[in-house]
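Written out below as structure tokens is the structure these notes cover.
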Amino acid sequence: MKDTSTKNIFDELNTKNKVQNEKKLQSLTLLKDVLKGITDIIGVYKTDRTVMFYNEAGYNFYKKKPEEAIGKKCYEMLDRKQPCSNCLIDKAVESRQILRNQKYISKFNKYMECCCNPVIDDSGEVIFIVEQLRDITEKMELENILKESEERYRKMINLSPYAIVITVDGKVIFANKEALKYYDNLIGENIDKYSPDFSETINMRIKQIIKTKTQSAVFDYKIVLDDSNVIDIEVSSNYMIYNGQPAILSIIREITKRKKELNAAAKVQKRWLKKSFPLPNKANMETLYKPAKTVSGDFFAFKKVNENLVVGIIGDVSGKGISAGLNISAFYVLFHEAVLKSHNPAEIIINLNEKIVDYLGESYIAACCFSFDFKNNEAKIVGAGINQFIYQNSNCKFEWGTVKGPFLGMFENSIFDEQIINFQSGDKFYFFSDGLEGILDPDKITEDNIIKSTISEFKNCINSYLTNMSTEVQGIKDDCTLIALEMK
């Protein structure tokens with residue numbers, strides 16, 4: 001039987017939003033591709049708990065084919081005849097707010113973090129519910145483990161479905177049964193030997209975790225097994241005291257399949273980001289795009305209006321993973337619609353703010369919209385949460401531009417500042433998302449950094465800094481995006 005789940009939700013979205021154009025179809029296709037790479041369980045339900053569709057992770061979790069799930073009630077997926085006592089769907093419909101809780105699913109012996117997001121149409125009615133389930137069994141097990149005595153603690157660790165090791169001074173002093181399935185001999189070995197490509201990074205992070213007593217640092221590595229096979233793993237490391245010594249407890253999960261799927265989703269996202277300026281004969285462009293995780297919440301887009309006018313936007317949507325994917329897809333649609341109505345960044349931002357308040361509920365989007373009119377050599381820049389940019393004229397004088405304005409979706413009648421700059425050949429513009437604000441800081445960026453660098457050199461300098469930062473324990477905390485333009 002043909003899978004109609006995605007078609008059903010797309011038809012309903014088309015009906016409610018009354019948008020039937022090619023740009024929307026492209027954006028919804030992007031959403032479908034992003035969902036494939038999300039490992040959280042995503043279910044879309046009607047307000048009466050009827051299943052509309054799941055993502056691939058959802059069908060796998062419930063061990064159902066689409067035709068076995070669509071049209072059933074959500075509780076029937078758990079072989080129940082009545083709704084669960086802690087179900088959030090009715091409350092989310094009534095409150096029209098995003099609700100969260102934790103629940104134990106006995107059928108699968110899993111602890112899950114649940115988030116119910118009501119999707120509201122322009123009349124204020126809830127049209128369907130998006131439920132996100134995240135497996136927190138690992139977290140709950142660890143919390144329970146740490147409450148027990150050492151003997152009890154060891155026994156419970158051995159019952160964990162995940163590999164767990166404890167290291168002191170970089171050497172393995174304890175490994176549970178799951179960890180020993182990967183290697184015959186772990187005790188007494190240096191942990192970095194199993195990931196030679198990351199050896200230096202692992203040792204640096206070990207020192208940082210011990211020094212700062214870091215809790216819950218999560219990293220991805222590739223490790224080489226005894227049979228020479230290479231797999232991807234996610235390691236969640238926590239500082240602890242073991243037998244009176246500073247130690248690190250690490251929970252290890254194989255994520256080879258998940259990593260492959262997320263990488264595929266990230267590639268889809270990147271394909272949607274323009275790597276060249278729409279009018280290459282008018283300006284050179286360099287871009288930097290560094291997600292904090294595999295799937296990013298940052299985005300940028302350009303629209304060629306004619307041979308002398310380009311409109312662009314850079315932004316950061318709230319949320320990560322599925323929520324970011326949903327918001328980015330919706331925002332692409334709204335942006336292209338706004339550009340069809342007006343080519344003025346100020347009017348585009350006002351239009352987007354109204355639509356986001358109506359369609360994206362409590363989601364906020366930081367953005368900066370700009371246009372380049374090459375006929376009149378005029379740039380217009382409007383801020384909405386992303387309030388700074390850098391401008392350097394052809395005489396090498398540079399300045400920090402400020403365009404004040406709140407996040408899109410925060411207030412209905414917001415005021416957004418606009419700055420107009422008359423440019424000429426050789427002038428440079430730098431736009432960046434809020435993830436780079438701590439790096440591109442007026443107190444840290446000197447005039448020499450800007451003047452002595454081409455846009456390519458400046459991008460490479462920032463890229464090198466972020467690469468080094470990503471190897472540290474704290475890592476890159478937010479997605480980082482840079483657009484550098486030089487007028488021809």
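FYI, the numbering for the sequence shown is 1 to 488, going by full-length UniProt numbering.
From the three backbone atoms N, C-alpha and C, an ideal C-beta is built for every residue, glycine too.
- Residue nearest to residue 143 within the set 157, 131 and 133 is 157 (criterion: CA-CA distance).
- The three-state reading of DSSP puts residue 467 in helix, counting H, G and I together.
- Each of 104, 211, 232 and 227 was checked against the Cα of residue 238, and the nearest Cα belongs to 211.
- Excluding residues up to 5 positions away in sequence, 172 lie with their Cβ nearer than 6 Å to the Cβ of residue 189 in the same chain.
- One Cα belongs to residue 467, the other to residue 256, and the distance between them is close to 22 Å.
- Cβ neighbours of residue 162 within its own chain (closer than 7 Å, five residues either side excluded): 138, 178, 251, 252 and 253.
- Annotation for residue 383: 368, 403, 404, 405, 416 and 417 place their beta carbon closer than 7 Å to its own, counting only its chain and skipping 5 residues before and after.
- Here residue 186 is buried, its C-beta having at least 16 other C-beta atoms within 10 Å.
- Taken atom to atom, the span from the alpha-carbon of residue 400 to that of residue 437 is near 12 Å.
- Following the DSSP letters along the chain, one finds residue 370 inside the beta strand (DSSP E) bounded by residues 365-373.
- Collapsing the DSSP output to three states places residue 208 in a helix.
- For residue 90, there is no enclosing beta strand (DSSP E); the enclosing alpha helix (DSSP H) has its first and last residue at 89-95.
- Where residue 378 is concerned, the enclosing beta strand (DSSP E) starts and stops at 378-384.
- By the 16-neighbour rule on beta-carbons within 10 angstroms, residue 481 is buried.
- Under the three-state reduction of DSSP output, residue 253 falls in the strand class.
- 484 is the residue among 484, 392, 379 and 479 whose C-alpha sits nearest the C-alpha of residue 460.
- When only Cα atoms are considered, residue 71 and residue 50 end up about 6 Å apart.
- Straight-line measurement puts the Cα of residue 119 at about 14 Å from the Cα of residue 52.
- Within its own chain, the residues whose Cβ lies closer than 7 Å to the Cβ of residue 221, once the five positions on either side in sequence are excluded, are 195, 198, 233 and 235, listed in chain order.
- In the three-state reduction of the DSSP assignment, residue 488 falls in the coil class.
- Between residue 366 and residue 387, the alpha-carbon positions lie close to 9 Å from each other.
- With a cutoff of 9 Å on beta-carbon distance, residue 136 and residue 97 are scored as not near each other.
- Counting other Cβ atoms within 10 Å of its Cβ, residue 83 stays below 16 and is therefore classed as exposed.
- Taking residue 412 as reference, the option from 364, 396 and 281 with the minimal CA-CA separation is 364.
- Straight-line measurement puts the Cα of residue 40 at about 18 Å from the Cα of residue 89.
- For the pair residue 300 and residue 279, the CB atoms are not nearer than the 9 Å cut-off.
- In the three-state scheme derived from DSSP, where H, G and I count as helix and E and B as strand, residue 312 is classed as strand.
- Residue 55 counts as buried, since no fewer than 16 other beta carbons sit within 10 angstroms of its beta carbon.
- Counting C-beta atoms within 10 angstroms of its own C-beta, residue 215 has fewer than 16 neighbours from the protein chains shown and is therefore classed as exposed.
- The three-state reading of DSSP puts residue 133 in strand, counting E and B together.
- Burial is judged here by how many other beta carbons sit within 10 angstroms of a residue's own beta carbon; residue 164 has at least 16 and is buried.
- If you draw a straight line from the Cα of residue 217 to the Cα of residue 291, it is about 17 Å long.
- Classified as buried, residue 315 has 16 or more neighbouring CB atoms from the shown chains inside 10 Å of its CB.
- DSSP lists 129 as the bridge partner or partners of residue 118.
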